[in-house]
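>
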Amino acid sequence: MLSLMKSSFFQFQKLLEAKKLPFGKIIGYVFILGAVLALPLAYKVSGVFHEIQQDGQKIAAKLPDFTIENNQLTPAKENEKGFIYQTDSIIFTFDPEGKRTEKDITTDMVGNFLSIGLLKGSLVVAMPSTGTGSALLGDNQLVIPYTEAALKGLDGQHIREYLKDAKIPWWMYLIAFLVSLYPSVINLLVTLLFATLGATLQTKMRRLNLSSFENFKIVVFAATLPVVITALIHLVTMGFDGTMFILIATLFIYNQVIKGLAGKDKV
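Take the sequence shown: its letters are residues 132 to 398, numbered as in this note's numbering.
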């Protein structure tokens, strides 16, 4: 299989040997290609983590001293005014005067990753709304009243210390990769199935002795170079239509693979 991986970059006609590989190895290779496609997305997500961490530290520097008394946000200074602080990824609201509502916090979240509000009576966290997320969670807004025991000891000093020293744990990067891997593999598999359909039509028209199952195996390895190119482009911009490129480029490479079969392996 390693020799086929090397051949998939320049020696396309050798990819015909892929039809002899067991199906388990083919599926394993699909996951390898899916992982390659997932890397740029995981890299972008990791960048978002760092951005949120840095923005959190900026917010910590602006946060005044406060405590939770009588289940309400109570600033250390009686004349402390509320404020809204916006970064590239977070909109933070500090509102001890009760001027803003929970709905306002969610409405603020336009073009931002998170909207967080320390309101007079509750902590509000709003996240981007997605069909899947809303279906699973019922809402994209988390509201925790200060009556909850977990927030009884909440104060400005503890938040500042936590945000100042907070580091992204290694397992967050792993989660980012795994979350990116699933859609990448599914999308790639669908693309490969369409490419297999196109490849099978080619073999039927040329009357070559290759089954759809064998074509799928060859197509998987023929997709190697297009997948690598797509991943490299996605490191620069995610706006590139990798699916269509992989489909067209894979069929082109597959055509190079079967060129040598003309007049040799016809039915």
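A virtual CB, placed ideally from N, CA and C, is assigned to each residue, including glycine.
Keep in mind that this is a model prediction, so the values were computed, not measured.
Grab the span of the alpha helix (DSSP H) containing residue 222 for me, first residue to last.
No alpha helix (DSSP H) holds residue 222; the beta strand (DSSP E) holding it covers 221-225.
> Would you call the stretch 345-355 in contact with the stretch 313-325, where contact means no fewer than 3 C-beta pairs closer than 8 Å?
Contact holds: three or more Cβ-Cβ distances are below 8 Å.
> Give me whichever residues DSSP pairs with residue 198 in a beta bridge.
According to DSSP, residue 198 bridges with 205.
> Buried or exposed for residue 226, please, with buried defined as at least 16 other CB atoms from any protein chain shown within 10 angstroms of its CB.
Result: buried.
> Express the C-alpha separation of residue 248 and residue 216 in angstroms, rounding to a whole number.
Cα-Cα distance, rounded: 10 Å.
> Can you tell me which of the three DSSP states residue 360 falls into?
Note: residue 360 maps to helix in three-state DSSP.
> Quick one: any contact between the stretch 360-376 and the stretch 337-348, if contact means 3 or more CB pairs under 8 Å?
The stretch 360-376 vs the stretch 337-348: no contact.
> In whole angstroms, what separates the C-alpha of residue 190 from that of residue 222?
Taking the straight line from one Cα to the other gives about 9 Å.
> Report the residue ranges of all beta strand (DSSP E) runs contained in full by the stretch 272-304; include only those spanning at least 3 residues, in chain order.
You should have 272-276.
> With distances taken Cα to Cα, identify the nearest neighbour of residue 273 among 342, 236, 142 and 303.
Answer by Cα proximity: 236.
> Check the DSSP bridge columns for residue 257 and list the partner residues they point to.
Answer by DSSP bridge pairing, in chain order: 246 and 272.
> In three-state terms, what does DSSP make of residue 333?
Note: residue 333 maps to helix in three-state DSSP.
> Would the beta-carbon of residue 376 fall within 8 Å of that of residue 355?
For residue 376 and residue 355, no; Cβs fall outside 8 Å.
> Return the first residue and the last residue of the alpha helix (DSSP H) that residue 144 is part of.
No alpha helix (DSSP H) holds residue 144; DSSP gives it neither H nor E.
> Which partner residues does residue 217 have in the DSSP bridge list?
In the DSSP output, where bridge partners are listed per residue, residue 217 has 222.
> Are the stretch 272-290 and the stretch 200-208 touching, with three or more C-beta to C-beta distances below 8 Å?
Verdict: yes, contact present.
> Tell me the rounded alpha-carbon separation between residue 231 and residue 328.
Approximately 57 Å, taken between the alpha carbons.
> Out of curiosity, what's the CA-to-CA distance linking residue 169 and residue 159?
Cα-Cα distance, rounded: 15 Å.
> Between 254, 319 and 378, which lies nearest to residue 233 when the distance is taken from Cα to Cα?
Of the listed residues, the one whose Cα sits closest to residue 233 is 254.
> Are residue 363 and residue 164 close, meaning C-beta to C-beta below 8 Å?
Going by C-beta atoms, residue 363 is not nearer than 8 Å to residue 164.
> Rounding to the nearest angstrom, what Cα-Cα distance links residue 187 and residue 294 in this structure?
Roughly 6 Å separates the two Cα atoms.
> Is it buried or exposed for residue 171, if we count other Cβ within 10 angstroms and need 16 for buried?
So residue 171 ends up on the buried side.
> For residue 299, count neighbouring Cβ atoms within 10 angstroms of its own Cβ and tell me buried if that reaches 16, exposed if not.
Per the 10 Å Cβ criterion, exposed.
> In angstroms with no decimal places, state the Cα-to-Cα distance between residue 213 and residue 258.
Their backbone Cα atoms lie some 22 Å apart in a straight line.
> Assuming residue 339 contacts residue 389 under a Cβ cut-off of 8 Å, what Cβ separation, rounded to an integer in Å, is found between them?
Rounded, the Cβ-Cβ distance is 6 Å, consistent with contact.
> Considering just the uninterrupted stretch of the alpha helix (DSSP H) at residue 165, what are its terminal residues?
Note, residue 165: alpha helix (DSSP H), 154-193.
> Quick check: the Cα distance between residue 144 and residue 365, rounded to an integer number of angstroms?
Rounded to whole angstroms, residue 144 to residue 365 spans 28 Å at the Cα level.
> Taking only three categories from DSSP, how would you classify residue 345?
Three-state DSSP puts residue 345 in a helix.
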